[in-house]
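S.K.: Position 121 of the sequence shown, counting from 1, maps to 120 under numbering that gives the first Met the number 0, and the rest follow consecutively.
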Amino acid sequence: MYNPSSRTTLLKILYVSSALGFLYLYPGVEELEITNMLFHMLAEHFIFASSGFIILSLYEDFMRSPLSSQFKELRRIYTRLLMLNRRVNRHGVAGFVLAGFILAYWHVPDILVSSTLDPLLHEVMHVSFAALGGFVYMSVKQVSRVRLAVLLIGFGKVMLWSGLYFSMAGDYIYRLYPLWQHHLMGSVMLSLVPFMDFGAVAYLLHSIFKQEEYKERISAREVGGRR
Numbered sequence: 000m001y002n003p004s005s006r007t008t009l010l011k012i013l014y015v016s017s018a019l020g021f022l023y024l025y026p027g028v029e030e031l032e033i034t035n036m037l038f039h040m041l042a043e044h045f046i047f048a049s050s051g052f053i054i055l056s057l058y059e060d061f062m063r064s065p066l067s068s069q070f071k072e073l074r075r076i077y078t079r080l081l082m083l084n085r086r087v088n089r090h091g092v093a094g095f096v097l098a099g100f101i102l103a104y105w106h107v108p109d110i111l112v113s114s115t116l117d118p119l120l121h122e123v124m125h126v127s128f129a130a131l132g133g134f135v136y137m138s139v140k141q142v143s144r145v146r147l148a149v150l151l152i153g154f155g156k157v158m159l160w161s162g163l164y165f166s167m168a169g170d171y172i173y174r175l176y177p178l179w180q181h182h183l184m185g186s187v188m189l190s191l192v193p194f195m196d197f198g199a200v201a202y203l204l205h206s207i208f209k210q211e212e213y214k215e216r217i218s219a220r221e222v223g224g225r226r
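#1: Please report the straight-line C-alpha distance between residue 68 and residue 118, rounded to a whole angstrom.
#2: Measure the beta-carbon distance from residue 161 to residue 188 and round it to whole angstroms, keeping in mind my assumption that it falls under 8 Å.
#3: So, at 7 Å on beta carbons, what are the nonlocal neighbours of residue 173 in its own chain, with the 5 sequence-adjacent residues on each side left out?
#4: Nearest-angstrom Cα distance between residue 186 and residue 175?
#5: For my contact list, residue 134 and residue 94 are in at a C-beta cut-off of 8 Å; report their separation, rounded to the angstrom.
#6: Please report the Cβ distance between residue 199 and residue 148, rounded to the nearest whole angstrom; I am assuming they are in contact, meaning their Cβ atoms lie under 8 Å.
#7: Tell me, please, whether the CB atom of residue 8 is closer than 8 Å to any CB atom in chain C?
#8: Buried or exposed: where does residue 12 fall if 16 or more other Cβ atoms within 10 Å of its Cβ makes it buried?
#9: Measure from the alpha carbon of residue 55 to the alpha carbon of each residue in 32, 8, 23 and 190, then state which is nearest.
#10: Per DSSP, what kind of secondary structure is residue 88 in: helix, strand or coil?
#11: Go ahead and pull the three-state DSSP assignment for residue 117.
#12: Is the segment 16-32 touching the segment 60-76, taking contact as three or more C-beta pairs under 8 Å?
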């Protein structure tokens with residue numbers, strides 16, 4: 000039976016509550032969004048996207064636990080959601096495309112600047128990034144571990160070129176932030192790429208070895224059965 004550990008669930012809840020609590024309750028966040036490019040475009044957007052990812056995983060954890068038997072309507076919604084994901088989001092294509100569109104749209108210079116200065120539009124952007132995390136979660140369920148590692152490496156290359164673009168910018172891309180912050184943003188993005196590649200390759204090798212171990216166990220059982 001599927002039974003996520005209480006420790007893992009607690010860590011998920013702690014992360015989401017503390018991260019979103021900081022963004023919505025800390026009084027200096029609004030000023031940071033306008034004055035700090037690295038915080039706004041990297042840290043804050045990552046927090047919203049990862050929170051959307053984790054919230055959906057918490058919902059699935061609950062739906063697959065014995066406690067959910069008391070919430071029949073929620074279980075029905077969960078079942079329909081899974082069926083819809085399998086039908087519409089084959090191989091995770093639709094979800095990843097939607098996530099990519101959201102990411103690209105809100106980083107168009109004029110759109111990002113105008114949404115940062117408009118409180119209502121800015122909140123729509125936050126919700127969109129949380130939805131992005133949800134789309135990624137639903138797509139991850141539809142792809143193999145090998146494909147997931149390859150996709151992560153590919154995303155790392157997008158970050159590489161984006162980081163180079165910011166690092167070598169000779170003029171403002173986002174007029175809210177000074178040029179040196181563009182260069183800093185690019186340097187941070189470039190520094191993250193090797194870690195992403197290393198993590199993806201390690202995950203890929205681990206998946207391959209696990210697959211080989213599984214095949215060996217199946218072969219051993221077949222040989223034992225014949226005897």
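A virtual CB, placed ideally from N, CA and C, is assigned to each residue, including glycine.
Bear in mind the structure is a predicted one, so any value in this text is a computation, not a measurement.
M.R.: Quick look at the numbers:
#1: 40 Å
#2: 6 Å
#3: Apart from sequence neighbours up to five positions away, the residues of its chain that approach residue 173 with a beta-carbon distance below 7 Å are 36, 108, 111 and 112, ordered along the chain.
#4: 19 Å
#5: Yes, they are in contact, since the Cβ atoms of residue 134 and residue 94 sit about 4 Å apart, within 8 Å.
#6: With 8 Å as the limit, residue 199 and residue 148 qualify as a contact, their Cβ atoms being about 5 Å apart.
#7: This model lacks chain C altogether; it includes just one protein chain.
#8: exposed
#9: Out of 32, 8, 23 and 190, 8 has the C-alpha closest to the C-alpha of residue 55.
#10: coil
#11: coil
#12: no
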